[in-house]
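For any residue, its number in this note's numbering is found by taking its place in the sequence shown, counting from 1, and adding 1297.
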Amino acid sequence: ASLFDMAKLSVDVMLLLFGTLALWLGFLRIAEAAGLVDLLARRTARRDLLVRWAVVQGMRVTGTESPHAYLRALRAVPEVAFISRQTAEEYAGRVMRKAGPPAGPPAGPHGHGPVLPLGADGLGLERQHWSPSRRDIVMIGTLERRKNIHPAMDAFRLLWADGVDVRLVLAGRIDPALRPALDAFAAEAGPRLVLLDHAGDGELRAALRRARAVLSASAVEGFGLPPYEALHSGIPAIAAASLPSLQGLK
């Protein structure tokens, strides 16, 4: 073949590649407009969504430019420790699956570092005694979508519609993306909702002294400290039994 024919073939291949890319970009735009992207996201396993969220947060903190760069940085960490056996298993299976263990001798049951048990007495809250006169349900933690705040709000709408005298206390930093929905919910709930944005330990202790129960609506956590602390203080906890902090409790 002549050089002219080879050059023409190269141009044809490039046009084909760019055309395919443009077609996919167009599909993604149509899919996003039709809501298909959100639909696919909702059908994705909750744990995979949590992993992607954790990677994005890690990229922001470390300043890495891509998920692959962030994972490479994680694999290069020589000493690691974990807040639960579940996070250790996630690290071994998802982060180290192609890179092998970090340098140095194994330091824990998974060969990647120790699991450090978290305490439940960090707030310094005295032992509580349950009383039916308590009407507050307290949620502690960052108020963001992955914490299942929307289903929790819907549940309290149903309770209030049935005439149940209960107040929801949300204590934690509010994700700006969730602010419009929370503002609308607050206008609807009135005095039945208390928002404690950036609550300190003193405010948390005061809220828990009035709590009938602590609610953790998230189904996936690295540990799940709020329900763990609540049970330690004698406060009932409403939470998924799959949380690492609650596994093995009877």
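Just so you know, even glycine gets a beta-carbon here, dropped at the ideal spot from N, CA and C. Since this is a predicted model, take the numbers as computed values, not measurements.
C-beta neighbour in chain D for residue i, strict 8 Å
i, result
"I1434", "The structure shown contains no chain D, having only a single protein chain."
Whole-angstrom C-beta distance between residue j and residue i, which should lie under 8 Å
i, j, result
"S1539", "A1516", "7 Å"
"I1532", "Q1425", "5 Å"
"A1468", "L1501", "6 Å"
"L1490", "L1465", "5 Å"
"L1415", "F1482", "Actually they are not in contact, since the Cβ atoms of L1415 and F1482 sit about 31 Å apart, beyond 8 Å."
"R1431", "A1508", "6 Å"
"L1597", "A1510", "Summary: the structure shown does not reach residue 1597, with the chain confined to residues 1298 through 1547, and so no result is reported for it."
"H1529", "A1417", "4 Å"
"L1512", "A1449", "7 Å"
"A1514", "K1444", "6 Å"
DSSP bridge partner residues for residue i (one or two, in chain order)
i, result
"A1417", "A1417 is not bridged to any residue."
"A1468", "I1437, L1493"
"V1412", "F1379"
"A1534", "V1511"
Residue interval of the beta strand (DSSP E) (run including residue i)
i, result
"D1451", "It is not in any beta strand (DSSP E) - D1451 instead sits in the alpha helix (DSSP H) that spans 1446-1458."
Candidates the options: closest to residue i by CA position
i, options, result
"P1429", "G1521, D1462, E1423", "D1462"
"G1410", "G1499, I1380, E1485", "I1380"
"I1434", "R1391, Q1544, A1527, V1412", "A1527"
"L1440", "G1460, A1478, Q1383", "A1478"
"R1454", "L1475, G1487, P1473", "G1487"
"M1436", "L1475, P1524, L1546", "P1524"
"A1373", "M1393, N1445, H1495", "M1393"
"Y1367", "A1514, R1391, A1385", "R1391"
"H1447", "E1518, D1480, L1371", "D1480"
"I1471", "Q1383, H1495, R1382, E1518", "H1495"
"E1518", "A1385, H1365, G1419, P1375", "A1385"
"E1485", "L1420, G1499, D1451, G1497", "D1451"
"G1438", "S1363, G1497, E1376, D1459", "G1497"
Element boundaries [alpha helix (DSSP H), containing residue i]
i, result
"A1370", "1364-1372"
"Q1425", "Premise fails: Q1425 is in no alpha helix (DSSP H) and is neither H nor E."
"R1382", "1382-1387"
"P1523", "1522-1529"
Item to check | Continuous alpha helix (DSSP H) assignments of at least 4 residues falling wholly in the stretch 1478-1520 | outcome: 1498-1506
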